[in-house]
Each structure stands twice: as structure tokens, then as C-alpha cells.
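Novice: Got a structure here, written out as C-alpha cells. Questions coming.
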Ligand code: ADP
Ligand code: ZN
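Numbering (the working numbering), first residue to last: 3 to 225.
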């Protein structure tokens with residue numbers, strides 16, 4: 003299964019990617035997670051990316067394209083992946099197509115999740131992330147000591163700098179300007195579907211699976 007999950011910040015890409023990863027035993031390639039890990043470990047990539055991320059801007063294309071190329075170099079990832087957070091610009095999408103051509107990879111689909119902007123701001127304001135294992139939570143579902151401590155590993159939960167309302171507003175502008183145009187790019191490829199991300203997690207997952215199983219039996223559409 004080779005899928006791109008597409009959509010604005012806070013739409014639920016990470017959550018759906020995790021569910022799909024379990025379902026298909028795929029490799030979850032989240033550029034946000036990879037970058038945050040690099041920042042945490044102060045690698046050259048992390049040092050370069052940090053200021054862009056904190057400000058809610060995109061990390062430069064050449065850095066991101068190199069990172070993805072590295073990820074797709076493993077056989078396991080090449081065979082089955084859920085791409086979450088890449089591509090985010092037309093230049094990244096074109097570079098990805100070139101990489102797929104070179105590596106003989108056929109994409110199964112691009113799923114675009116849609117959500118109201120007010121809901122994005124609300125979700126990200128309520129999103130908490132574990133400093134240790136990176137798991138994400140919503141204040142909507144936490145109480146007592148769960149509000150500060152990760153259920154998975156006991157690590158500390160924090161509110162991401164770039165999830166604060168002012169930065170989220172900027173990230174949404176960046177999305178509209180740089181990322182949203184990609185929809186047309188992928189719509190033309192015929193493997194594109196838009197899914198309502200306002201629905202609850204289980205329902206969105208089911209809609210994605212329905213689409214996958216409906217399309218799996220059909221031959222790939224030639225590029
Ligand atoms: P979210 O899950 O809220 O959509 P991510 O965790 O995917 O956000 O990304 C966090 C930040 O990492 C982005 O705001 C951006 O600075 C950087 N980033 C992630 N993916 C990319 C990409 N493909 N191109 C450029 N920057 C990226
Ligand atoms: Zn944790």
C-alpha cells in the first residue's frame with residue numbers, strides 16, 4: 003500500500019496514518035515527526051529546520067526532498083508506505099514523481115482530508131504531544147493526570163510551539179498558498195480522493211479503507 007495523506011495542519015493525517023500503518027503493515031513516513039526527532043537530537047537537519055518550524059514556515063524544498071529520498075531508500079519503506087506531511091509544495095510533488103519513476107514505485111492513491119479552519123485552530127489548541135514518544139492526544143479526551151503524562155510511556159505532554167493559535171493562523175496561510183495548489187496537481191492524476199475530516203476518527207478511517215478496497219482491484223491508471 004502506497005499512499006499520500008494530504009491536507010491542512012490538524013486535519014488528522016497523523017492519526018489516520020497510524021491506523022493505516024497498522025492495517026497494512028506499512029512504514030509511516032511523517033516528515034513532521036522526522037524533523038522533530040532531528041530537532042530533539044540537534045542533528046544538522048534539526049538545527050537547520052528548527053527556526054522554520056517554530057515560525058510555522060516550511061522547511062526548504064531541497065532539505066525535505068533529500069530527507070524523503072533517504073527514507074524511500076529502504077526496501078521495506080519502498081514497498082508500503084503512508085506519506086504524511088510530504089509533499090507540501092508543487093516542487094516537492096514533482097521531485098517525488100521523479101523519485102517514484104526512478105525507483106519504479108506506483109502510487110495507490112492520494113487522500114485529501116478536509117476540515118473547517120475554525121476546527122483546525124480548535125484541534126491544535128487542544129493538541130498535546132509526548133516529549134518522549136511523540137504520541138498525540140487531544141485535551142478533549144484527557145482528564146486528571148493524563149493531562150500532563152503520556153499514557154503510553156509516562157513522558158511529559160506539551161503544547162507544541164507551532165500549535166499556538168497565532169502560529170496556526172500563519173500555518174493555515176502557508177497551507178493555502180503553498181500546499182493547497184497540489185490538490186489540482188494530484189486531481190489530474192486520477193488517483194485522488196477527498197475525504198471529510200470533520201467526521202469522527204473511526205468513520206474517517208472506514209471511508210479511507212472503503213476507497214482503498216474499491217480501487218485496489220482495478221488496474222493502475224497509467225501516469
Ligand atoms: P501537522 O501534523 O500539524 O500538519 P507536521 O508535524 O506535519 O504538522 O509539520 C510540522 C512542521 O514541520 C511544519 O509546519 C513545517 O515547518 C515542517 N515540515 C513538515 N513537513 C514538511 C514539508 N514536506 N516541507 C516543508 N516543511 C515541512
Ligand atoms: Zn509517550
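A virtual CB, placed ideally from N, CA and C, is assigned to each residue, including glycine.
None of the values given here were measured: they were computed from a predicted structure.
Nearest CA to the CA of residue 213: which residue from 112, 146, 123?
Specialist: With distances taken between Cα atoms, residue 213 lies closest to 112.
Novice: Per the DSSP calculation, residue 55 is bridged to which residue(s)?
Specialist: Its beta-bridge partners do not exist; DSSP assigns none.
Novice: What do you get for residue 45, buried or exposed, if any count of 16 or more other CB atoms within 10 angstroms of its CB means buried?
Specialist: It is exposed - the Cβ of residue 45 has fewer than 16 other Cβ atoms within 10 Å.
Novice: Please determine whether the Cβ atom of residue 137 lies at a distance below 7 Å from any heavy atom of the ligand ZN.
Specialist: For the ligand ZN, at least one heavy atom lies less than 7 Å from the Cβ of residue 137.
Novice: Check each candidate in 165, 204, 10, 144 and name the one with the smallest Cα separation from residue 87.
Specialist: Residue 87 has its Cα closest to that of 10, out of 165, 204, 10, 144.
Novice: Curious, which full-length beta strand (DSSP E) runs of at least 3 residues does the stretch 52-138 contain?
Specialist: The stretch 52-138 contains these whole beta strand (DSSP E) runs: 83-86, 111-116, 129-132.
Novice: Can you tell me whether DSSP reads residue 1 as helix, strand or coil?
Specialist: Nothing can be reported for residue 1: it is not among the residues displayed for the chain, which extend from 3 to 225.
Novice: Which one of 188, 164, 189 has the shortest CA to CA distance from residue 51?
Specialist: Comparing Cα-Cα distances from residue 51 to each of 188, 164, 189, the minimum goes to 164.
Novice: Assign residue 151 to one of three DSSP states: helix, strand, or coil.
Specialist: It is a strand residue.
Novice: In the DSSP assignment, what are the bridge partners of residue 196?
Specialist: Per DSSP, 114.
Novice: Looking at the secondary structure, which residues open and close the beta strand (DSSP E) in which residue 211 lies?
Specialist: Taken as a continuous stretch (DSSP letters only), residue 211 belongs to no beta strand (DSSP E), being part of the alpha helix (DSSP H) at 203-218.
Novice: If you follow the alpha helix (DSSP H) that residue 162 is in, where does it begin and where does it stop?
Specialist: Neither: residue 162 is in no alpha helix (DSSP H) and is coded neither H nor E.
Novice: For residue 40 versus residue 48, is the C-beta spacing smaller than 8 Å?
Specialist: Yes.
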